[in-house]
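These protein sequence lines map, in sequence, to chains W and A.
Here the first sequence stands for residues -12 to 318, where the numbers follow this note's numbering.
Here the second sequence stands for residues 30 to 734, where the numbers follow this note's numbering.
Backbone N, C-alpha and C define an ideal beta-carbon position, used for all residues, glycine too.
Computed from a predicted structure; not experimentally measured.
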Amino acid sequence: MKNFSYVRAASVKEAVQQSGANQAALFIAGGTNLVDRMKVFLDEPSHLIDITRLQMQRIEPTTDGGLRIGALVSNTAVADHPDVRRNYPLLSRAILSGASQQIRNVATVGGNILQRTRCPYYYDTAFACNKRKPGTGCPATTGINRMHALLGASDQCVAVHPSDMCVAIAALDAIVEVEGPRGRRQIPFTDFHRLPGDTPERDTNLEPGELITAVVIPPLPFAKSGVYLKLRDRASYAFALVSVAAALKLEGDRIQAARLALGGVAHKPWRPTEAERFLIGKPANTATFQQSAEIALQGAQPLAYNGFKVELAKRAIQRSLTISANGGGVA
Amino acid sequence: MSNVIGTSVSRTEGRAKVTGSATYSAEHQISGLVHGYLITASVANGQIRAIDTREAEKAPGVIAVFTHKNAPKVFMPKNDFMNSKIYEARLPLSDNQVHYAGQIIGLVVADTFERARHGAHLVKVEYDTQTPLIDAKKVTFKEAPPQFGEEFAFAKGNIAAGLANAAIKIEATYTSSTELHAPIEPHAIIAHWQGADALTVYEHTQWVAGAQRTYAELFALPAEKVRIVAPYIGGAFGCKAVPWPHAILCAAVARQVKRPLKVVLSRRQMTANAGHRSETEQMLRLAATKDGMLTAIAHEVKSYTSPVDVFIEPCTGITPVMYTVPNLQLKQELAVMNIGTPTFMRAPGENPGLWALESAMDELAWALKMDPVELRLKNETREHQRKGLPFSAKHFADCLNVGAERFGWNDRPMQVRSLTRDGKRVGWGMAAATFPGLRGRASVKVRLLPDGTAHVLTAANDMGTGAYTVVAVTAAEVLGIPVEKIRVEMGDSRLPDGGLAGGSQMTASLAPAVTAACQEVLKTANCTTASEACAALRQSGRGAIEATASSAPGAEMKKWAFQSWGAHFAEVTVDEEIGRLRVTRWVSVMNIGQVINAKAAASQVRGAVIMGIGQALMEEAHLDPNTGYPVVYDLATYHFPAHADTPRIDVAFVGKPDLNFNPIGARGVGEIGITGVSAAIANAVYHATGKRLRSLPLTPDKLIG
Chain W
-12 MKNFSYVRAA
-2 SVKEAVQQSG
8 ANQAALFIAG
18 GTNLVDRMKV
28 FLDEPSHLID
38 ITRLQMQRIE
48 PTTDGGLRIG
58 ALVSNTAVAD
68 HPDVRRNYPL
78 LSRAILSGAS
88 QQIRNVATVG
98 GNILQRTRCP
108 YYYDTAFACN
118 KRKPGTGCPA
128 TTGINRMHAL
138 LGASDQCVAV
148 HPSDMCVAIA
158 ALDAIVEVEG
168 PRGRRQIPFT
178 DFHRLPGDTP
188 ERDTNLEPGE
198 LITAVVIPPL
208 PFAKSGVYLK
218 LRDRASYAFA
228 LVSVAAALKL
238 EGDRIQAARL
248 ALGGVAHKPW
258 RPTEAERFLI
268 GKPANTATFQ
278 QSAEIALQGA
288 QPLAYNGFKV
298 ELAKRAIQRS
308 LTISANGGGV
318 A
Chain A
30 MSNVIGTSVS
40 RTEGRAKVTG
50 SATYSAEHQI
60 SGLVHGYLIT
70 ASVANGQIRA
80 IDTREAEKAP
90 GVIAVFTHKN
100 APKVFMPKND
110 FMNSKIYEAR
120 LPLSDNQVHY
130 AGQIIGLVVA
140 DTFERARHGA
150 HLVKVEYDTQ
160 TPLIDAKKVT
170 FKEAPPQFGE
180 EFAFAKGNIA
190 AGLANAAIKI
200 EATYTSSTEL
210 HAPIEPHAII
220 AHWQGADALT
230 VYEHTQWVAG
240 AQRTYAELFA
250 LPAEKVRIVA
260 PYIGGAFGCK
270 AVPWPHAILC
280 AAVARQVKRP
290 LKVVLSRRQM
300 TANAGHRSET
310 EQMLRLAATK
320 DGMLTAIAHE
330 VKSYTSPVDV
340 FIEPCTGITP
350 VMYTVPNLQL
360 KQELAVMNIG
370 TPTFMRAPGE
380 NPGLWALESA
390 MDELAWALKM
400 DPVELRLKNE
410 TREHQRKGLP
420 FSAKHFADCL
430 NVGAERFGWN
440 DRPMQVRSLT
450 RDGKRVGWGM
460 AAATFPGLRG
470 RASVKVRLLP
480 DGTAHVLTAA
490 NDMGTGAYTV
500 VAVTAAEVLG
510 IPVEKIRVEM
520 GDSRLPDGGL
530 AGGSQMTASL
540 APAVTAACQE
550 VLKTANCTTA
560 SEACAALRQS
570 GRGAIEATAS
580 SAPGAEMKKW
590 AFQSWGAHFA
600 EVTVDEEIGR
610 LRVTRWVSVM
620 NIGQVINAKA
630 AASQVRGAVI
640 MGIGQALMEE
650 AHLDPNTGYP
660 VVYDLATYHF
670 PAHADTPRID
680 VAFVGKPDLN
690 FNPIGARGVG
700 EIGITGVSAA
710 IANAVYHATG
720 KRLRSLPLTP
730 DKLIG
């Protein structure tokens, strides 16, 4: 770990100012991912701005019936919040399927969104990595890529975004509120993270100095039937091979609206919008779900070790949609 | 007699452990201590062309940087496992050659751990590289050399005829993955020199006296000039038996810098530098008559070692032990790859060996349309077919019968895909377990005090298995005083040599020595009970009565084969659509001779079953195909079971004390529990789904196919 200076910001404005003034500064909140990365020299900030005292700690209802979740609310607090559990059960379940209780108690919503890939090649400086050092190469493309991307990857990077929470947030069409040197702005969640392209070092569309202040979840009554299904190599404390957040709105047996998001398959939480569109107006049955799963994985480009994830993702989609069509519940 | 042997006693050091006062290797507080951090190679095969340490040397807090260019002198020990042993026959930093990715190529010493780590990061290395041998399909296999004096190849009868004339034949290849020991306590050492010719080593070692001799030979010192301190070990499983290169380097550098030096490995470093279980490929051919009598077994095994040492995963050891067979052929092959050195890992050989054999036996049972329990009962052998000796106190049949009863095995439909629950396939499987009854020489000192307490002192150790309590229970039994009045000290080379905590032999070696020393104390006091002896002490005003006694195996080894036995019964559920496998129910019945502490013994079996569930379902240290460096780096990426993966595990013991083996009749229980577990699970998966899986671990990709 490189030496760094540390300051505790008293206000959002001050935090943003501090950050804007120092290119090598990073915000720190829970630190559950950043400190790990610093220990193994993935990040070497010269300055840390502690934001844990800022007023971004509340979950409050929005006037239209949604929820505004402060960026510093702990993962545990979101998962346990009665409104989240009642109205967005898939968000609660997605969070609880990730990390461990101890990590969730400390990790924040903003930090969860900004956590970085757990690609083993990114994680060890013994390997080259375009995300860590642009232009050095991607050993994962010819390496052990069992956990890696199926969709939207590039020859520069095949890493996946590791978050469970973000998959649910993507399905819920949330908005990210940020504040930066040029003021406040709102970013639709589906535009927040980036595909790797030829700039895999950039995970998100945040501008330098910008700070996430909140995530706004719009009202979505049929989210009550939402499902989060996570498939992994052990029953707890493992990253997803694939995961699915799904919710259906039915009128009789006809699908009126659908939300679908995938985790473990791309550099960002993946919204297969064509598969969602396909579902609208169709009968909620196995054949429909199968076709929708086929559409969702149409562009999949499997690597040497992750081919099984294509079929696994399709089946996870079918299973999730089936459970949602039956009113939701634990997947 | 207190009749405490065989009851359930909570571990005597439990409070110290949960309150944090138990001192592990890295936790000894030594004044003036400095910290070392390893520099490791990022290529798998090559030479260091240039290593630039200038920036590191200038970094704040850095005291010194060592590489092959200024490596401190160490001497090659005898390394024969009789006197001394190191894990890797190449001494650290002995030249510029890199044999595997992650190999130690230097050490940075600094005043804090963080500064040493930072210094190591600043070292720049240039390599000349050659293509490493990583791909198991491209390596060259040769017949494995003898290991610890034992040949591998063996044949009896006529294997070709045995196979040719059989009514039913099974031929299948089974593979197991590269596994890491992953003990909860990472590898750590503090080396503290008193001048240039006396060394104290604080290191978790499974073999205190061996470590003392080994460090003495490494530094050309008399053994009495080396002290090993290892009161607590946070799990070892075979990877803390003898010094690894980092430990040798730490001791050598500590002498050079004239400061007590601590080196702690990161989880990442442990993936390459602290051993693993080699992956295996095993081909089994079984032949049987129509009524299920085995006529032939051929067992061929391939495993891998590093370029710098030879370790063979000895899977064929169990084959002559399990079932009577007139025609038997064993073969072990070994290939060198550019990977770290593999080593003993809980039931080395027995565990992957039984994965293959007990899977094949299940396949045979299905082919015969015979219950797998019946098949095993039918073919049980009364003698060790390689040693030609009868088994002593063998109760394998009881394990099978009692296990079947506890599990409700007889309700199992003899058809695959016949059970379902909550939309999932349910399957029942079973497999046998076995492990040799090993025993070594051990010495123990017992001191009886006038206040009615006793001290038991030995340079054995407790890997976290419950050895402290076993010693206390045994002494309490013989002296007839309560367990709480026994104080046990272990893990210090100043105490009498307690032998090796490996091969599940600590209890079998120690308990007779404890018994003998306690009896010797009573004899010296000329009393029949400890309370009499204590009364006499009080009267005489003497401080204590002391006696040291040793015990060792003897002529019985030529008369009997000693082996422990067991049977596992497993229920699994499989959600086939999404490839989700869960182990939902478990029964293990073990025959280990005399159980000393029922609670600890059952816990040992449970822990081993959980470790076996890990092997069956998830453990796999993938090696990068280009560099051979494991692509797991911590306990989040190297999976072993979480609570959610672990069912309730019912453990029972059967049989009688094996009094041919040692006076107390105890055979040890550390490893047997893991053997057979993965086969029981794969056999249950077959029953559930009709899918025969022969490649571990049974991850979702293999279950959805």
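query = Can you give the Cα-Cα distance for D400 (chain A) and Q102 (chain W), rounded to whole angstroms?
reply = In the second sequence, the residue the question calls residue 400 (chain A) occupies position 371. In the first sequence, the residue the question calls residue 102 (chain W) occupies position 115. One C-alpha to the other measures close to 52 Å.
Under 8 Å by beta carbon: chain A residues contacting R306 (chain W) = Position 319 of the first sequence, counting from 1, holds the residue named residue 306 (chain W). The answer, in chain order, is E606, I607.
message = Can you confirm whether G213 (chain W), when its beta carbon is compared against all beta carbons of chain A, has any partner nearer than 8 Å?
response = Against the first sequence, residue 213 (chain W) aligns to sequence position 226. With 8 Å as the cut-off, G213 (chain W) does not count as an interface residue toward chain A.
message = So, with DSSP's three-state summary, where would you put M30 (chain A)?
response = Within the second sequence, numbered from 1, the residue matching residue 30 (chain A) stands at position 1. Low confidence applies to M30 (chain A): its pLDDT is 43, below 50, so where it sits in the model is not reliable enough to give any reading.
request  = Go through the region 221 to 297 of chain W residue by residue and report every complete run of the alpha helix (DSSP H) that reaches 4 residues or more, in order.
outcome  = 260 to 266, 273 to 283
query = When you check each C-beta in the region 342 to 367 of chain A against every C-beta of chain W, which residues fall closer than 8 Å?
reply = none
ask   = Can you tell me whether Q285 (chain W) is buried or exposed, with buried defined as 16 or more other CB within 10 angstroms of its CB?
value = Locating residue 285 (chain W) in the first sequence gives position 298, counting from the first residue. Label assigned to Q285 (chain W): exposed.
task = Please check the pair A28 (chain A) and V517 (chain A), which I expect to be a contact at CB under 8 Å, by giving their CB distance rounded to whole angstroms.
result = Only positions 30 to 734 of chain A appear in this structure, which leaves residue 28 (chain A) out of reach.
Cα-Cα separation between I38 (chain W) and R119 (chain W), rounded to whole angstroms = The residue labelled residue 38 (chain W) in the question sits at position 51 within the first sequence. The residue labelled residue 119 (chain W) in the question sits at position 132 within the first sequence. Approximately 25 Å between the Cα atoms of the pair.
inquiry  = Using 8 Å as the threshold, is the C-beta distance between A12 (chain W) and L77 (chain W) below it?
reply    = Looking up residue 12 (chain W) in the first sequence gives position 25. Looking up residue 77 (chain W) in the first sequence gives position 90. Contact flag unset, no.
Proximal residues of chain A, C-beta to C-beta of F295 (chain W) below 7 Å = In the first sequence, the residue the question calls residue 295 (chain W) occupies position 308. Near F295 (chain W) (Cβ distances below 7 Å), the residues of chain A are D730, I733.
inquiry  = In this structure, how does DSSP classify E42 (chain A) when only helix, strand and coil are distinguished?
reply    = Stepping through the second sequence from its first residue, residue 42 (chain A) is reached at position 13. In the structure shown, E42 (chain A) sits in coil (DSSP, three-state: anything other than H, G, I, E or B).
query = For P215 (chain A), which residues in chain W fall below 9 Å Cβ to Cβ?
reply = If you number the second sequence from 1, residue 215 (chain A) lands on position 186. Within 9 Å Cβ-Cβ: nothing; P215 (chain A) doesn't reach chain W, min ~14 Å.
ask   = Which of the three DSSP states, helix, strand or coil, is assigned to G493 (chain A)?
value = Walking along the second sequence from the start, residue 493 (chain A) turns up at place 464. In this structure, G493 (chain A) counts as coil in the three-state DSSP scheme.
key: Residue range of the unbroken beta strand (DSSP E) whose run includes Q311 (chain A)   = One-based indexing of the second sequence puts residue 311 (chain A) at position 282. 309 to 317 is the extent of the beta strand (DSSP E) around Q311 (chain A).
message = On the criterion of 16 or more Cβ atoms from any shown chain inside 10 Å, does T704 (chain A) qualify as buried, or is it exposed?
response = Here residue 704 (chain A) refers to the residue found at position 675 of the second sequence. Its Cβ being crowded by 16 or more others within 10 Å, T704 (chain A) is buried.
Euclidean distance between Cα positions of G520 (chain A) and D109 (chain A) = If you number the second sequence from 1, residue 520 (chain A) lands on position 491. If you number the second sequence from 1, residue 109 (chain A) lands on position 80. Approximately 22 Å between the Cα atoms of the pair.
ask   = Within the 8 Å Cβ cut-off, does R119 (chain W) reach chain A?
value = Numbered from 1 along the first sequence, position 132 holds the residue referred to as residue 119 (chain W). By this cut-off, R119 (chain W) is not an interface position.
key: L429 (chain A) - DSSP class collapsed to helix/strand/coil   = Counting from 1 along the second sequence, the entry for residue 429 (chain A) is found at position 400. Residue state, collapsed to three classes: helix.
message = Cβ closer than 8 Å: which chain A residues qualify as neighbours of S311 (chain W)?
response = As a working mapping, residue 311 (chain W) is identified with position 324 in the first sequence. Those do not exist, as S311 (chain W) stays about 15 Å from chain A at its closest Cβ, beyond 8 Å.
message = Let me confirm a value: T656 (chain A) is counted as buried when at least 16 other C-beta atoms fall within 10 Å, else exposed. Which label applies?
response = Position 627 of the second sequence, counted from the start, is the residue given in the question as residue 656 (chain A). So T656 (chain A) counts as buried.
message = Just checking N691 (chain A) against the ligand NAD - is the residue's beta carbon closer than 7 Å to any of the ligand's heavy atoms?
response = For the structure depicted, the ligand NAD is absent and the ligand set is empty, with no information on it obtainable.
key: Close Cβ partners of N32 (chain A) (< 7 Å) along its chain, the five nearest in sequence each way excluded   = Here residue 32 (chain A) is taken as the residue at index 3 of the second sequence, counted from 1. Correct list: empty, nothing qualifies.
task = Please compile the residues from chain W whose C-beta is within a distance smaller than 7 Å of the C-beta of Y658 (chain A).
result = Here residue 658 (chain A) refers to the residue found at position 629 when the second sequence is read from its first residue. What Y658 (chain A) touches in chain W: A113.
ask   = With 16 other CB atoms within 10 Å as the buried threshold, where does K107 (chain A) fall?
value = Here residue 107 (chain A) refers to the residue found at position 78 of the second sequence. Burial call: exposed.
key: Interface flag, E84 (chain A) vs chain W, CB-CB below 8 Å   = Looking up residue 84 (chain A) in the second sequence gives position 55. Not an interface residue.
request  = Would you mind sorting L664 (chain A) into buried or exposed? The rule is 16 or more other CB atoms within 10 Å of its CB.
outcome  = As a position in the second sequence, residue 664 (chain A) is number 635, starting the count at 1. By the 10 Å Cβ count, L664 (chain A) comes out exposed.
query = For Y224 (chain W), which residues from the same chain have a beta carbon less than 6 Å from its beta carbon, with the 5 sequence-adjacent residues on both sides left out?
reply = Here the question's residue 224 (chain W) lines up with position 237 in the first sequence. Taken in chain order, the residues that qualify are S87.
task = Would you list, in chain order, the members of the region 215 to 240 of chain W that have their beta-carbon closer than 7 Å to a beta-carbon of chain A?
result = L218, D220, R221, A222, S223, Y224, A225, L228
message = Assuming Q633 (chain A) is part of the alpha helix (DSSP H), what are its boundary residues?
response = The residue labelled residue 633 (chain A) in the question sits at position 604 within the second sequence. Looking at the DSSP string, the run of the alpha helix (DSSP H) that includes Q633 (chain A) is 627 to 646.
query = Are the beta-carbon atoms of R55 (chain W) and A201 (chain W) separated by less than 8 Å?
reply = Locating residue 55 (chain W) in the first sequence gives position 68, counting from the first residue. Locating residue 201 (chain W) in the first sequence gives position 214, counting from the first residue. In this structure, A201 (chain W) lies closer than 8 Å to R55 (chain W) by Cβ.
task = Please state whether DSSP places T410 (chain A) in a helix, a strand or coil.
result = Within the second sequence, the letter at position 381 stands for residue 410 (chain A). Residue state, collapsed to three classes: coil.
message = Suppose the cutoff is 7 Å on Cβ atoms and the five residues either side in sequence are ignored; what does the same chain contact list for R635 (chain A) look like?
response = Here residue 635 (chain A) corresponds to residue number 606 of the second sequence, with the count starting at 1. Here the set comprises I678, V680.
ask   = Name the chain A residues that come within less than 8 Å of F28 (chain W), Cβ to Cβ?
value = The count along the first sequence starts at 1 and reaches residue 28 (chain W) at position 41. Chain A residues near F28 (chain W): H150.
Buried versus exposed, by CB contacts within 10 Å (16 or more), R133 (chain W) = Here residue 133 (chain W) refers to the residue found at position 146 when the first sequence is read from its first residue. Label assigned to R133 (chain W): buried.
query = From the DSSP output, which residues share a beta bridge with R358 (chain A)?
reply = Here residue 358 (chain A) refers to the residue found at position 329 of the second sequence. The residue you asked about is not Arg; residue 358 (chain A) is Gln in the sequence shown. Paired residues: A:A184, A:A327.
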